[in-house]
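Taking it in order: structure first as structure tokens, then the write-up.
4 protein chains.
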Amino acid sequence: MLYFSNDYSQGAHPEVLKRLVETNMISVNGYGEDIFCAEAKEKIKKAIGNQKAEVFFLVGGTQTNQVVINSILQKHQGVISADTGHIATHEAGAIEFTGNKVLPIKHINGKINSNDLKEYLKSFYDDENHEHMVYPGMVYISFSTEYGTIYYKDELVSLHNVCQEYQIPLYIDGARLGYGIMAEDSDVTLKDIAENCDVFYIGGTKIGALCGEAVVFTKNNVPVCFTTLIKKHGALLSKGRLLGVQFDVLFTDDLYFKISKHAVDMASYLRKGLKEKGYKFFIENKTNQTFIILDNEKLKKLQEKVVVSFWEKYDENQTVIRLATCWATQKEDVEKLLKIM
Amino acid sequence: MLYFSNDYSQGAHPEVLKRLVETNMISVNGYGEDIFCAEAKEKIKKAIGNQKAEVFFLVGGTQTNQVVINSILQKHQGVISADTGHIATHEAGAIEFTGNKVLPIKHINGKINSNDLKEYLKSFYDDENHEHMVYPGMVYISFSTEYGTIYYKDELVSLHNVCQEYQIPLYIDGARLGYGIMAEDSDVTLKDIAENCDVFYIGGTKIGALCGEAVVFTKNNVPVCFTTLIKKHGALLSKGRLLGVQFDVLFTDDLYFKISKHAVDMASYLRKGLKEKGYKFFIENKTNQTFIILDNEKLKKLQEKVVVSFWEKYDENQTVIRLATCWATQKEDVEKLLKIM
Amino acid sequence: MLYFSNDYSQGAHPEVLKRLVETNMISVNGYGEDIFCAEAKEKIKKAIGNQKAEVFFLVGGTQTNQVVINSILQKHQGVISADTGHIATHEAGAIEFTGNKVLPIKHINGKINSNDLKEYLKSFYDDENHEHMVYPGMVYISFSTEYGTIYYKDELVSLHNVCQEYQIPLYIDGARLGYGIMAEDSDVTLKDIAENCDVFYIGGTKIGALCGEAVVFTKNNVPVCFTTLIKKHGALLSKGRLLGVQFDVLFTDDLYFKISKHAVDMASYLRKGLKEKGYKFFIENKTNQTFIILDNEKLKKLQEKVVVSFWEKYDENQTVIRLATCWATQKEDVEKLLKIM
Amino acid sequence: MLYFSNDYSQGAHPEVLKRLVETNMISVNGYGEDIFCAEAKEKIKKAIGNQKAEVFFLVGGTQTNQVVINSILQKHQGVISADTGHIATHEAGAIEFTGNKVLPIKHINGKINSNDLKEYLKSFYDDENHEHMVYPGMVYISFSTEYGTIYYKDELVSLHNVCQEYQIPLYIDGARLGYGIMAEDSDVTLKDIAENCDVFYIGGTKIGALCGEAVVFTKNNVPVCFTTLIKKHGALLSKGRLLGVQFDVLFTDDLYFKISKHAVDMASYLRKGLKEKGYKFFIENKTNQTFIILDNEKLKKLQEKVVVSFWEKYDENQTVIRLATCWATQKEDVEKLLKIM
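One line per chain: the protein sequences are A, B, C and D, in this order. Just so you know, we're using the numbering used here here: the first sequence kicks off at 1 and counts up by one. Just so you know, we're using the numbering used here here: the second sequence kicks off at 1 and counts up by one. Just so you know, we're using the numbering used here here: the third sequence kicks off at 1 and counts up by one. Just so you know, we're using the numbering used here here: the fourth sequence kicks off at 1 and counts up by one.
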């Protein structure tokens, strides 16, 4: 079987594994108080060009969203998200479970428009009954988005400006940060990300690591006793070294971006082939995810040879599927896939 | 520096790493729906001698306690624990964070006595005001305990009997399950554990894995939609394979028990040496953890060469420290430590 | 000033107060275990024609929604509501605060359409990723709705049928139940309400009481240890008699319905007058609430003499306001209002 | 039957009811934005001699504890309480339900000793593992306590000093505040209470009101958007007037203290009689609650004529019971009770 269902079907980038093996028997302290985490943090701070940034390592994406959002929001506040945002749809209510409402805004291609955001915030404070409502206390966006789209730099700056006007933090879910930054049409760098938000995370799980996400606070805004909060969420890894070693490798010699670019290249190659074959795209985008509309019967046949992701029903007879590439995707696999399709 | 502070100072057992490398590029489904998890589950079920058991893999201990306890308790219930239990002391309020009260019972050497438990439960229902109180809905014990002690088989059976009499589940936190089962004085097997409780977990993090705990439900009692509940807790790993591969190795050729025994042997060797040197023990126990009472000045000197765990102040001039061995402890390191001390 | 802003601007119906005075010095047990509560429960059960129903008294509407929803939902579930539902908008996140997601469905005049509901539920289970989503575990509707509209009997039956098909309870927020049942165009009786849902509450606060809502479980479905759950929510009143006495009076000689009808009559009279004067209605409805669209300047002037409710901005120059009547509204006050307008 | 089981067996003080009747038809705004609440707040601020204090009205005691504690605590913190404190024992886990751990300290006659508190706090910060523990973020005491005892002024000042040293607020649960202040042996005034804590509540439910507690913040320390937080807890009463009117009356002409004194006088009279008859007291105290130890058979007989409160089993043959007086207790009822006993 060919796997194009997602970007977490294989293990870790070989360099990551190699370093885990090399460092395996070195004794260090637990809970992230080790030299590998320290080294990885330094490299990340250098990569984002902000020595004052503070970095924490967590294990997975939903966990990271839950910890960050719950730790930052004040008690009368909720988090604004596109109605297609991961926290609004596919985290099984993890945000609400810890007491916080997700405030959905209509998405445009998976993105929040800064005018819509401004209008939402203005309306909230104009509403004379807002004391009985959940205050917007944070804006959540994903980069790249759940639809594989990205915010361009001017869009990101606009969103951040609106957030600053209303004095609420902008949080970027970077589960696929590398794939977004290295998108064909991206004009956004890691430094741009760091500058134009208040907290974000660099996704490792989908980009070369076995597991792990690096949360970065860039505005001297780490929540009080954040390590205790992480523990309270059941999210503090004893062997923090596992995360430190991996991010150390990913941020050595630009590995993170190189493998992200590879995944995007593979996706572009795939999209080119699909276009030539006349496939119908559900959305236009230029990151590692590709969404196409397939006849249900054709889909069934395809699934005999390829593992793909069900995305949503398009209509009674057609289905939207996702084809994802990643750091591990081989060109020959793309060619096989194109041949099959 | 010598590390005797805990049992998570090194990476994973070499066999575990080796298998992670070997399987790295095999493509599989995410979220634990992979062949490695399936294989590991089969081996665990075989090891406990219960084909109907159901196994789930989680990442860490506090996370596991939070997920299991929150998923099992009914809404009017709390969880009974020794007042020294990990959930009662060192999980930063993770259980309460998700809405559940920990009901402490006085410990005896880190253990709950079944008569005390029975008395607690009887008193609760005798109390005419108990409708205004948190109902005891579960009993939590750790094996081995936070003090490195173990329950003997008759104690375990007694506890379980009391639980059954009051129709509440017994949950065993097995973060150090292997070290408990392989303790010098243990008369408890893995099968005994599985038979005499309702749910338990097999700790991987402290016994050979990079991370990972295997939750086992033995009484056809998996909570409804448990995978969704795990996700809601932010505890569902995308690359579930990471956990599956590790437990597959640990439960191949009894590796889990062999390395547990090694750790216990090292601890016995250490204790023998310490006894000969006249050290004062804080508690008598025969697992991988050793607790001794040291003069504060002597401790300071020791810490120049050895990393140890602060446990608690004994009095103004003395401190209780923990010396932990694990699967990775070398005999020569124990000898070095004894020489230093 | 004239008060038409809401239906809780005055105290209690005089009969209610009179009975509170009469019974004041009678000694009874606390927490609802008193003769007044017992008597009121009997009268309510008689009124709904179901001797097996179980009745509990709570203090306020948001509290009742929070307690009922949190107590009924299973841990993987959320509650479906119209996107205009009170729990989705004006309860400051009370439902999410206790861990449960509100799942919004697009409203039609404040109501959920049973086809939309069915489509929502079908889609959920058709979605291959629904294990990562919040399961719909309950349907919440309000009767009358936040827009003063009502469900007709066939609509109610359809909704309940869909719920039963998917085996989830239908919960009716009856903060304004009397005003809905006695609406000019209503074909729904209290018995219809009780039969066609699984749990509902009879609002007292807005219909003659100082405070108080009566929750009714009609399908042998009281949550386990419900009194303890109420206590856990901080919602158990020591002097439960206060609620019992009030509902006893309200359900004696049909007082609840008589005063509800009076409020509706006053609203009809008001609407007739407004129509004649050419006012623009925001929504057509026949309960005690009236929504009109006013020029902002006209509104300002009106507010010099009348207290009205801001509802929402209609556009830059116009505002939607609510004019509410209640059991206490005097005909002459309506006439004064019409004269002013 | 004679009722001595508690201090909430009757309705409200007649003056309170009278004023509710008088003001019943006056139209006012909802949610506490009315003249009655405003007036009551002024009177309370005058009574405590602090014009900058801020007052909020809530409905019941457990609700108040839940709202205040949850609103004040930071996310890594829990609340210290005597192990006999109401929040630690008889609130069905309401504090934990909203995510906060109760940190118990051994009581002495229902009270926390300031040295014990200091030792607790010192130990916490001395513990090198405290980052994995719940931080003490608040101290909760009740005045009078669950055992009917009171803190003397020097004890209160000592506790507050320790709290200030560790920069955590002291919160006083005043469900029975009047009965404590007016205790025979009390040297504490309402002003002393207000000065020597950071937030407290004046209990109405047990002292003359139908329901209602007045929360007072005295150190310019109202939580951000507190009204929204109250709403989020489901604790915001629509007809806030109900609470305002009652506290207005209670704080007119010292009614609150006069009726509190009456209750204490009745209890003293009762205790004198019981002493003469040779009854064994479970605890010595001088407020409105009396705790005696009775043979179980004698208790059974007593219960044929008197409603008393079960407190706890003393041993196999004896039971501790509570006899409570209140504002409504008649001298002749005490005499009847003494005759029966």
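Every residue, glycine too, gets a C-beta built ideally from N, C-alpha and C. Nothing here was measured: the structure is a model prediction, and the numbers come from that model.
So within the stretch 159-207 of chain C, which uninterrupted alpha helix (DSSP H) runs reach at least 4 residues, ignoring any that extend past its ends?
Listed in chain order, the alpha helix (DSSP H) elements of length 4 or more contained wholly in the stretch 159-207 of chain C are 177-181 and 190-195.
Just to confirm, are Q63(B) and V134(B) a CB contact at a threshold of 9 Å?
Not in contact: Q63(B) and V134(B) (Cβ atoms no closer than 9 Å).
I need the boundaries of the beta strand (DSSP E) containing M138(D), first residue and last residue.
Its beta strand (DSSP E) spans residues Y135 to S142.
Nearest by alpha-carbon distance to D7(D): which of K231(D), G178(D), A47(D) and D127(D) is it?
Ranking K231(D), G178(D), A47(D) and D127(D) by CA distance to the CA of D7(D) puts G178(D) first.
How is the beta strand (DSSP E) around S346(A) delimited, first residue to last?
Outside the shown range of chain A, which is 1 to 341, sits residue 346(A), and nothing can be said about it.
How is I293(C) classed by DSSP in three states: helix, strand or coil?
Annotated three-state conformation of I293(C) is strand, per DSSP.
Beta-carbon neighbours of F97(C), restricted to chain D and to distances below 8 Å:
Near F97(C) (Cβ distances below 8 Å), the residues of chain D are T98, K232 and H233.
Among the residues of its own chain, which have a CB less than 6 Å from the CB of V139(C), if the five just before and after it don't count?
Here the set comprises I80, C163 and L170.
As a quick exercise: from L229(A), G240(A), Y125(A) and G148(A), pick the residue whose alpha carbon is nearest that of N24(A).
If you compare the alpha carbons of L229(A), G240(A), Y125(A) and G148(A) with that of N24(A), the shortest gap goes to G240(A).
Find out if the Cβ-Cβ distance for the pair V222(B), N196(B) is shorter than 9 Å.
Cβ atoms of V222(B) and N196(B): not closer than 9 Å.
What first and last residue would you give for the beta strand (DSSP E) that runs through F57(C)?
Element bounds for F57(C): E54 to L58.
Short CB-CB distance (under 9 Å) between C89(C) and chain A:
At residue 89(C) the sequence reads Thr, which differs from the Cys that was named. It does; some Cβ of chain A falls within 9 Å.
Counting only runs that start and end within the stretch 212-296 of chain A, where is the beta strand (DSSP E) found for 3 or more residues in a row?
Listed in chain order, the complete beta strand (DSSP E) runs (minimum 3 residues) inside the stretch 212-296 of chain A are 213-217 and 289-295.
Please report the residue range of the beta strand (DSSP E) in which A324(D) lies.
Counting along the chain, the beta strand (DSSP E) containing A324(D) begins and ends at Q318 to A324.
Cut-off 6 Å between Cβ atoms - residues of its own chain near L250(D), not counting five sequence neighbours on either side
Same-chain partners within the cutoff: G208 and Y256.
Once the 5 residues before and after A94(A) are set aside, which same chain residues still bring their CB inside 6 Å of it?
The answer, listed in chain order, is T62 and Q66.
Please confirm whether N70(C) has its beta-carbon closer than 9 Å to some beta-carbon of chain A.
No, N70(C) does not count as interfacial toward chain A.
Can you tell me whether Y125(C) is buried or exposed, with buried defined as 16 or more other CB within 10 angstroms of its CB?
With fewer than 16 other Cβ atoms inside 10 Å of its own Cβ, Y125(C) counts as exposed.
Excluding the five sequence neighbours on either side, which residues of its own chain have a C-beta within less than 6 Å of the C-beta of K118(A), listed in chain order?
Counting only residues of its own chain and dropping the five nearest sequence neighbours on each side, K118(A) has a CB closer than 6 Å to the CB of V162.
Cβ closer than 7 Å: which chain B residues qualify as neighbours of K101(D)?
K101(D) reaches chain B at G93 and E96, counting residues in chain order whose Cβ is nearer than 7 Å.
Where the alpha helix (DSSP H) containing V16(B) begins and where it ends
That run of the alpha helix (DSSP H) goes P14 to T23.
Reference H160(A), options S123(A), G148(A) and V199(A), closest by Cα:
By alpha-carbon distance to H160(A), the top candidate from S123(A), G148(A) and V199(A) is V199(A).
Beta carbon of A194(B) nearer than 9 Å to that of G49(B)
Yes, the Cβ-Cβ distance between A194(B) and G49(B) is below 9 Å.
Flag Y166(B) as yes if its beta-carbon sits less than 9 Å from any beta-carbon of chain C, otherwise no.
No, no contact with chain C.
Which term fits D34(C), buried or exposed, when burial requires 16 or more other beta carbons within 10 angstroms of its beta carbon?
Counting the other CB atoms within 10 Å of its CB gives D34(C) a total of 16 or more, which places it among the buried residues.
For V28(A), which residues does DSSP report across the bridge?
Per DSSP, V28(A) has no beta-bridge partner at all.
For S123(C), count neighbouring C-beta atoms within 10 Å of its own C-beta (all shown protein chains included) and say buried if the count is 16 or more, exposed if not.
By the 10 Å Cβ count, S123(C) comes out exposed.
Helix, strand or coil at K101(C) according to DSSP, with G and I counted as helix:
K101(C) falls in the coil class under three-state DSSP.
So is I44(B) buried or exposed if we call it buried at 16+ other beta carbons inside 10 Å?
That one is buried.
Outcome for I253(B) when other beta-carbon atoms lying within 10 angstroms are tallied against a minimum of 16
Contrary to the premise, residue 253(B) reads as Asp rather than Ile in this sequence. D253(B) should be labelled exposed.
Can you tell me where the alpha helix (DSSP H) holding Q77(C) begins and where it ends?
Not the alpha helix (DSSP H): Q77(C) falls in the beta strand (DSSP E), residues Q77 to A82.
Contact criterion: CB-CB distance below 9 Å. Does G60(D) meet it with respect to chain C?
The Cβ of G60(D) sits closer than 9 Å to at least one Cβ of chain C.
Answer yes if the stretch 12-21 of chain D comes into contact with the stretch 307-327 of chain C, meaning at least three C-beta pairs across the two stretches below 8 Å, and no otherwise.
Counting Cβ pairs under 8 Å, fewer than three are found: no touch.
Using a Cβ-Cβ cut-off of 9 Å, state whether N407(B) counts as contacting chain A.
Outside the displayed range of chain B (1 to 341) lies residue 407(B), so it cannot be described from this structure.
Mind checking if P223(A) is an interface residue toward chain D, Cβ cutoff 9 Å exclusive?
Chain D, which has a Cβ nearer than 9 Å to the Cβ of P223(A), makes this yes.
Quick one: which residues of the stretch 236-259 of chain A get their C-beta closer than 9 Å to a C-beta of chain B? List them in chain order.
Using a CB distance below 9 Å, the part of the stretch 236-259 of chain A facing chain B consists of L236, L237, S238, K239, R241, L242 and V245, ordered along the chain.
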